Amino acid sequence: MRVRAAMMLLRVGLKVDLDEKVANLSISHKQMLEIAKTLMLDAKVIIMDEPTSSLTNKEVDYLFLIMNQLRKEGTAIVYISHKLAEIRRICDRYTVMKDGSSVCSGMVSDVSNDDIVRLMVGRELQNRFKRDEGECQQPCARNGF
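Counting with full-length UniProt numbering, you get residues 1 to 145 for the letters of the sequence shown.
Listed below in structure tokens is the structure:
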């Protein structure tokens with residue numbers, strides 16, 4: 001059991017002591033641990049609900065490598081996310097849900113991001129703004145405060 005657990009941790013790129021308490025792990029390590037636990041089940045269908053919400057970009061890349069390998073092995077993955085770039089990167093098909101009901105399904109390659117957003121919110125968005133990081137106008141802290 002310990003050998004298999006160690007193999008699954010390595011598969012998800014998690015380098016932690018098997019005797020480490022889960023409470024001591026970072027949020028992203030806990031997330032990768034949950035994914036490793038799922039892999040140990042050898043499931044044919046895996047549901048991932050916002051799996052990247054607490055992962056670093058490097059961990060997301062690694063997760064997507066794992067997901068691609070699982071796909072090649074015949075595992076179906078239901079991937080739930082609001083991140084359209086991730087949907088485009090990892091998914092073949094999509095289903096938009098609104099208020100618990102399916103609104104639309106199809107091939108990711110056949111739909112635009114604007115169409116998906118419209119389906120998600122139920123209306124055309126008139127004003128979409130790119131986030132402006134801007135510059136700090138006034139100092140937020142001085143002399144250690």
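Idealized CB from N, CA, C, for every residue including glycine. Note that this is a predicted model, so its numbers are computed, not measured.
Practice task
Answer with buried or exposed for LEU18, where buried requires no fewer than 16 other C-beta atoms within 10 angstroms of its C-beta.
Solution key: Sequence index remark: in the sequence shown, residue 18 carries index 18 (1-based). It is exposed - the Cβ of LEU18 has fewer than 16 other Cβ atoms within 10 Å.
Exercise for the section: Could you work out which residue in LEU63, LYS30, LYS83, TYR79 is closest to GLU20 when comparing CA atoms only? Expected result: Start at 1 with the first residue of the sequence shown, and residue 20 comes out as number 20. Taking each of LEU63, LYS30, LYS83, TYR79 in turn and checking the Cα distance to GLU20, the smallest one comes out for LYS30.
Handout entry: VAL111 - DSSP class collapsed to helix/strand/coil
Key = On the sequence shown, position 111 is the one that residue 111 refers to. Of the three classes helix, strand and coil, the one that applies to VAL111 here is coil, per DSSP.
Exercise for the section: Assess, as a yes-or-no matter, whether the stretch 40-51 is touched by the stretch 22-29 under the definition of 3 or more beta carbon pairs within less than 8 Å. Expected result: Result no; under three Cβ-Cβ pairs closer than 8 Å.
Handout entry: Outcome for VAL12 when other beta-carbon atoms lying within 10 angstroms are tallied against a minimum of 16
Key = Counting from one through the sequence shown, the residue named residue 12 turns up at place 12. Flag for VAL12 reads buried.
Problem - Unbroken alpha helix (DSSP H) run spanning LYS72, endpoints - result: As a working mapping, residue 72 is identified with position 72 in the sequence shown. DSSP places LYS72 in the uninterrupted alpha helix (DSSP H) bounded by 57-72.
Handout entry: Inter-residue spacing [alpha-carbon to alpha-carbon] between LEU55 and ARG123
Key = Numbered from 1 along the sequence shown, position 55 holds the residue referred to as residue 55. Numbered from 1 along the sequence shown, position 123 holds the residue referred to as residue 123. Distance between the alpha carbons of LEU55 and ARG123 is about 31 Å.
Practice task
Tell me whether the beta-carbon of LEU16 lies closer than 9 Å to the beta-carbon of LEU39.
Solution key: For the purposes of this step, residue 16 is taken as residue 16 along the sequence shown, with counting starting at 1. For the purposes of this step, residue 39 is taken as residue 39 along the sequence shown, with counting starting at 1. According to the sequence as given, residue 16 is Val; it is not Leu. Going by C-beta atoms, VAL16 is not nearer than 9 Å to LEU39.
Exercise for the section: Within the same chain, show all residues whose beta-carbon is closer than 8 Å to that of LEU14, passing over the 5 residues directly before and after it, in chain order. Expected result: Locating residue 14 in the sequence shown gives position 14, counting from the first residue. Hits under 8 Å: HIS29, MET32, LEU33, ALA36.
Handout entry: Nearest to ASN113 (by Cα), restricted to the options ARG89, GLU73, ARG71, THR75
Key = If you number the sequence shown from 1, residue 113 lands on position 113. ARG89 is the residue among ARG89, GLU73, ARG71, THR75 whose C-alpha sits nearest the C-alpha of ASN113.
Practice task
Could you pull out every residue in the same chain whose Cβ sits closer than 8 Å to the Cβ of LEU119, ignoring the five residues on either side in sequence?
Solution key: Taking the sequence shown and counting its residues from 1, the one referred to as residue 119 is at position 119. Excluding positions up to five away in sequence, the list reads VAL96, LYS98, VAL103, CYS104.
Problem - Residue span of the alpha helix (DSSP H) that contains residue 198, given as start and end - result: The requested residue 198 does not occur in the structure, where the chain is confined to residues 1 to 145.
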